[in-house]
Amino acid sequence: MDQIAFIFDILLPALMQGLVITLKLIVWSAPFGLALGIGVAAGRQYGGPVLSWVCKMFVFLIKGTPLLLLLFILYFGLPSIGITFTAFTASVIGFILCNGAYNSEYIRGALLSIKDGQMIAAQALGMTRAQAIRNVIMPQALRRAIPGLSNEFIYLIKYSSLAYMITVVELSGVGKNVATKYFIYTETFMVVGIVYLVLVTITTIAVNILEKRVAVPGMNRAAAAQL
Amino acid sequence: MNDNNIVLRVEDIHKSFGNNEVLRGISFDVRRGETKVFIGPSGTGKSTLLRCINQLTVPDRGSVWLDGEEVTNSGARINYFRQKIGMVFQNYYLFDHLTALKNVELALLKVRGMSKSEAREKALIELRQVGLEDWADHYPAELSGGQAQRVSIARALAMDPDVILFDEPTSALDPELTREVLEVMRKLAQQGMTMLVVTHEMGFACSVATEILFMENGVVAEQGTPDLLMHDPRFTRMKNFIGQFDSYRGD
């Protein structure tokens, strides 16, 4: 069969279906991963000893074990204690936990970089610590965490392919299926790779635009360098 | 001298950091409309004293009363008292991610629960008060030190405080910017704002202060009107201290 015809008539239509699943995985995981990251970072930095310890342990466990193992536990392990997820749900939960743990580290780093005076000034105006964190500290920390968070988001795009290992036929999975069916491996996986590259490129451009839109004079080096 | 005029009462404040006893029993009353100026060598606890008043630093002993209500040991109500006790810091501590206007608005929205339009109107009034209405949409990094400090004064004023604590408000500023900030503070004093000011600006102290408290080694060593401390022969310590200042300036 003609390669061009294979790519355009068979491979790409199939990959588009896989892409939809991949995008669904990302769209369901990323926002909750970000929320979890913010919560864990704040809990670790500003929570009491118990909460802080719990957050630290959570990050330690997620960072210290392979994501694939986490997915296996969620999908194959938990049914034995009566908790059953669909493969898609198990994947999303695994991605949220993983994404959240790493995000929390980027955000914690940014929190540490915010000067004490910001909290002191907020409290001197009558804000509670929670109000100060929400309205003063977090908005600044998140801006500074954007490069790290976007990095983690890009990882998420790529490790979403692990969902295939627990039977979610997403982009990579579709590629694998097509490749084995037609015995055309190199071209298939190259095209799959290009689709990921496009996704990552779009993300990078979007992050650049976001970073410029939320930039505040004097708050980051990039903005300072442009002056 | 009616007791009802006393807006702030500070009683026997003690504070140690480790083995270092920074405050060793400070007491004074502040009447409405007074400007009390705290002078003294660095490290004698002046800033710590201000922070003990609004409980940013919790004193080991002693109490603070605002309008007859105890500020110390007030639990969650401290956030109410902190609205009533404004504070201005040496390094301004403006919220870096917000414009001048939003810096003033933030606590009005989040703490006082004002509507957006109310908060904006109030914030603009306060910025006008410090002469910075035209700079409302600028970020802290775009302001001079003097402008930033005036925004932070506006931010404190916006909460309609009973008293404002100034912690070396001009120590980070050059003489010209110092003057513009002191002008704003002088105006506030004339309008009857109650103020406690830690400063090294003797000119300001002598012309604006109702009373000067000279602090040394954690206690108030000398206390009186500027006239008294400067001219009465019974008081020597502060004059010596200022003398050192003047001779430095002469160099």
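Line order of the protein sequences matches chains A and B.
Just so you know, we're using numbering that gives the first Met the number 0 here: the first sequence kicks off at 0 and counts up by one.
Just so you know, we're using numbering that gives the first Met the number 0 here: the second sequence kicks off at 0 and counts up by one.
Glycine included, C-beta positions come from ideal geometry on N, C-alpha and C.
Exercise. Just tell me which of B/Arg185, B/Val197 and B/Val218 has its CA closest to the CA of B/Ser206.
Key: Numbered from its first residue, the second sequence carries residue 206 of chain B at position 207. Comparing Cα positions, the closest option is B/Arg185.
Quiz prompt | Runs of alpha helix (DSSP H) lying entirely within the segment 179 to 213 of chain B, each at least 4 residues, in chain order | solution = Those alpha helix (DSSP H) runs which fall completely within the segment 179 to 213 of chain B and span 4+ residues are 201 to 207.
Practice problem: With DSSP as the reference, label A/Gln225 as helix, strand or coil. | Solution: As a working note, residue 225 of chain A is residue 226 in the first sequence. Reliability of the predicted coordinates at A/Gln225 is poor, the pLDDT of 43 falling under 50, and the value obtained from them is presented with this limitation in mind. A/Gln225 falls in the helix class under three-state DSSP.
Quiz item: Measuring CB to CB, does B/Ala153 end up less than 8 Å from B/Leu126?
Solution: As a first step, residue 153 of chain B is located in the second sequence; it is residue number 154 there, counting from the start. As a first step, residue 126 of chain B is located in the second sequence; it is residue number 127 there, counting from the start. Judged by beta-carbon spacing, B/Leu126 lies within the 8 Å limit of B/Ala153, meaning their Cβ atoms are closer than that value.
Quiz item: So, is B/Lys115 buried or exposed, given that buried needs 16 or more other C-beta atoms within 10 angstroms?
Solution: Position 116 of the second sequence, counted from the start, is the residue given in the question as residue 115 of chain B. Around the CB of B/Lys115, fewer than 16 other CB atoms lie within 10 Å, so the residue is classed as exposed.
Exercise. Evaluate the contact criterion for the segment 13 to 26 of chain A versus the segment 169 to 189 of chain A: three or more CB pairs, one atom per stretch, below 8 Å.
Key: Touching, yes, given that three or more Cβ pairs across the two stretches are closer than 8 Å.
Quiz item: Does DSSP put A/Phe5 in a helix, in a strand, or in coil?
Solution: Mapped onto the first sequence, residue 5 of chain A falls at position 6. Residue state, collapsed to three classes: helix.
Exercise. Please decide whether B/Arg233 counts as near chain A, where near means a Cβ-Cβ distance under 8 Å.
Key: Your numbering for residue 233 of chain B matches position 234 in the second sequence. For B/Arg233, no CB of chain A lies under 8 Å from its own CB, so it is not counted at the interface with that chain.
Quiz prompt | Three-state secondary structure (DSSP) of B/Gly145 | solution = If you number the second sequence from 1, residue 145 of chain B lands on position 146. B/Gly145 falls in the helix class under three-state DSSP.
Quiz item: Mapping DSSP to helix, strand and coil, what is A/Glu186?
Solution: For the purposes of this step, residue 186 of chain A is taken as the residue at position 187 of the first sequence. In this structure, A/Glu186 counts as helix in the three-state DSSP scheme.
Quiz prompt | Cα-Cα separation between B/Phe213 and B/Ala122, rounded to whole angstroms | solution = If you number the second sequence from 1, residue 213 of chain B lands on position 214. If you number the second sequence from 1, residue 122 of chain B lands on position 123. Spanning the two alpha carbons is a distance of roughly 35 Å.
Self-check item: Residues that B/Arg76 contacts on chain A, provided the C-beta gap is smaller than 8 Å
Solution: On the second sequence, position 77 is the one that residue 76 of chain B refers to. The premise fails here: B/Arg76 is roughly 10 Å from chain A at the closest Cβ pair, so nothing lies under 8 Å.
Quiz item: Going along chain B in order, which residues have a C-beta closer than 7 Å to the C-beta of A/Pro138?
Solution: Taking the first residue of the first sequence as position 1, residue 138 of chain A is located at position 139. Chain B residues near A/Pro138: His96.
Exercise. At 8 Å on the CB atoms, spell out the chain B contacts of A/Ile119, in chain order.
Key: Within the first sequence, numbered from 1, the residue matching residue 119 of chain A stands at position 120. Ordered by position in chain B, the residues that pass the 8 Å Cβ test against A/Ile119 are Leu55, Phe88 and Tyr92.
Quiz item: When you check each C-beta in the segment 124 to 138 of chain A against every C-beta of chain B, which residues fall closer than 8 Å?
Solution: Only those residues of the segment 124 to 138 of chain A whose C-beta falls short of 8 Å from the nearest C-beta of chain B are listed: Leu124, Gly125, Met126, Thr127, Gln130, Asn134, Val135 and Pro138.
Practice problem: Check whether the Cβ atoms of B/Val218 and B/Gly24 lie closer than 8 Å to each other. | Solution: Position 219 of the second sequence holds residue 218 of chain B. Position 25 of the second sequence holds residue 24 of chain B. In this structure, B/Gly24 lies closer than 8 Å to B/Val218 by Cβ.
Quiz prompt | Secondary structure of A/Asn102, DSSP reduced to three states | solution = Along the first sequence, one-based indexing puts residue 102 of chain A at 103. If DSSP states are grouped into helix, strand and coil, A/Asn102 belongs with the helices.
Quiz item: Does the Cβ of B/Leu172 have 16 or more other Cβ atoms within 10 Å, making it buried, or fewer, making it exposed?
Solution: Sequence index remark: in the second sequence, residue 172 of chain B carries index 173 (1-based). In the assembly as shown, B/Leu172 is a buried residue. Its beta-carbon has 16 or more other beta-carbons within 10 Å.
Quiz item: So which residues on chain A does B/Glu141 lean against when the C-beta distance must stay under 8 Å?
Solution: Within the second sequence, numbered from 1, the residue matching residue 141 of chain B stands at position 142. Going along chain A in sequence order, the residues near B/Glu141 (Cβ under 8 Å) are Pro216 and Gly217.
Self-check item: Segment contact, 8 Å Cβ cut-off, at least three pairs: the segment 140 to 156 of chain A with the segment 102 to 120 of chain B
Solution: In this structure the segment 140 to 156 of chain A does not lie against the segment 102 to 120 of chain B, because fewer than three pairs of beta carbons, one per stretch, are closer than 8 Å.
Quiz item: By DSSP, does B/Gly44 sit in helix, in strand, or in coil?
Solution: Numbered from 1 along the second sequence, position 45 holds the residue referred to as residue 44 of chain B. Reduced to three states, the DSSP call for B/Gly44 is coil.
Quiz prompt | Amino acids of chain A, ordered along the chain, whose beta-carbon sits closer than 9 Å to that of B/Met158 | solution = One-based indexing of the second sequence puts residue 158 of chain B at position 159. For B/Met158, the neighbours in chain A by C-beta distance under 9 Å run, in chain order, Leu124 and Gly125.
Quiz item: Which runs of the beta strand (DSSP E) fall wholly inside the segment 46 to 74 of chain B and span at least 3 residues, in chain order?
Solution: Counting only runs of 3 or more, we get 60 to 65.
Quiz item: Using the C-alpha atoms, what's the distance from A/Asp8 back to A/Glu186?
Solution: Against the first sequence, residue 186 of chain A aligns to sequence position 187. Against the first sequence, residue 8 of chain A aligns to sequence position 9. C-alpha separation (whole angstroms): 14 Å.
Quiz item: For A/Leu66, which residues of its own chain have a beta-carbon under 7 Å away from its beta-carbon, when the five flanking residues on both sides are left out?
Solution: For the purposes of this step, residue 66 of chain A is taken as the residue at position 67 of the first sequence. Cβ neighbours of A/Leu66 beyond the five flanking positions: Gly93, Cys97, Tyr158 and Leu161.
Practice problem: Check whether the Cβ atoms of A/Ile165 and A/Ala41 sit closer than 8 Å, and answer yes or no. | Solution: Start at 1 with the first residue of the first sequence, and residue 165 of chain A comes out as number 166. Start at 1 with the first residue of the first sequence, and residue 41 of chain A comes out as number 42. Not closer than 8 Å, so no.
Practice problem: Tell me, please, whether the CB atom of A/Arg142 is closer than 8 Å to any CB atom in chain B? | Solution: Taking the first sequence and counting its residues from 1, the one referred to as residue 142 of chain A is at position 143. Chain B has a Cβ within less than 8 Å of the Cβ of A/Arg142.
Self-check item: A/Leu69 versus A/Ile37 - alpha carbon distance
Solution: Locating residue 69 of chain A in the first sequence gives position 70, counting from the first residue. Locating residue 37 of chain A in the first sequence gives position 38, counting from the first residue. Cα-Cα distance, rounded: 21 Å.
Exercise. Would you please verify whether the beta carbon of B/Arg81 is less than 8 Å from any beta carbon of chain A?
Key: Counting from one through the second sequence, the residue named residue 81 of chain B turns up at place 82. Judged by the 8 Å Cβ criterion, B/Arg81 is in contact with chain A.
Quiz prompt | B/Ile12 and B/Leu22 closer than 8 Å at C-beta | solution = The residue labelled residue 12 of chain B in the question sits at position 13 within the second sequence. The residue labelled residue 22 of chain B in the question sits at position 23 within the second sequence. In terms of Cβ geometry, B/Ile12 and B/Leu22 form a close pair [threshold 8 Å].
Exercise. Can you give me, in chain order, the residues of the segment 115 to 140 of chain B that have a beta carbon less than 9 Å from any beta carbon in chain A?
Key: For the segment 115 to 140 of chain B, which is checked against every Cβ of chain A, the residues closer than 9 Å are His137, Tyr138, Pro139 and Ala140.
Quiz item: Excluding five sequence neighbours on each side, which residues of the same chain lie with their C-beta closer than 6 Å to the C-beta of B/Asp95?
Solution: Here residue 95 of chain B corresponds to residue number 96 of the second sequence, with the count starting at 1. These residues qualify, in order along the chain: Pro139.
Quiz item: Mind listing which residues of the segment 98 to 117 of chain A have their C-beta closer than 7 Å to chain B's C-betas, in chain order?
Solution: Residues of the segment 98 to 117 of chain A that bring their beta carbon within less than 7 Å of a beta carbon in chain B comprise Gly116 and Gln117, in sequence order.
Quiz item: Do B/Gly202 and B/Ile211 have their C-beta atoms closer together than 8 Å?
Solution: As a working note, residue 202 of chain B is residue 203 in the second sequence. As a working note, residue 211 of chain B is residue 212 in the second sequence. Contact flag unset, no.
Quiz prompt | Beta carbon proximity, B/Val261 to chain A, threshold 8 Å | solution = Outside the displayed span of chain B (0 to 250) sits residue 261 of chain B, for which this structure offers no information.
Exercise. Can you say whether A/Met126 is buried or exposed, counting buried as having 16 or more other CB atoms within 10 angstroms of its CB?
Key: Translated into the one-based positions of the first sequence, residue 126 of chain A becomes position 127. Classification of A/Met126: buried, given that the 10 Å Cβ count is 16 or more.
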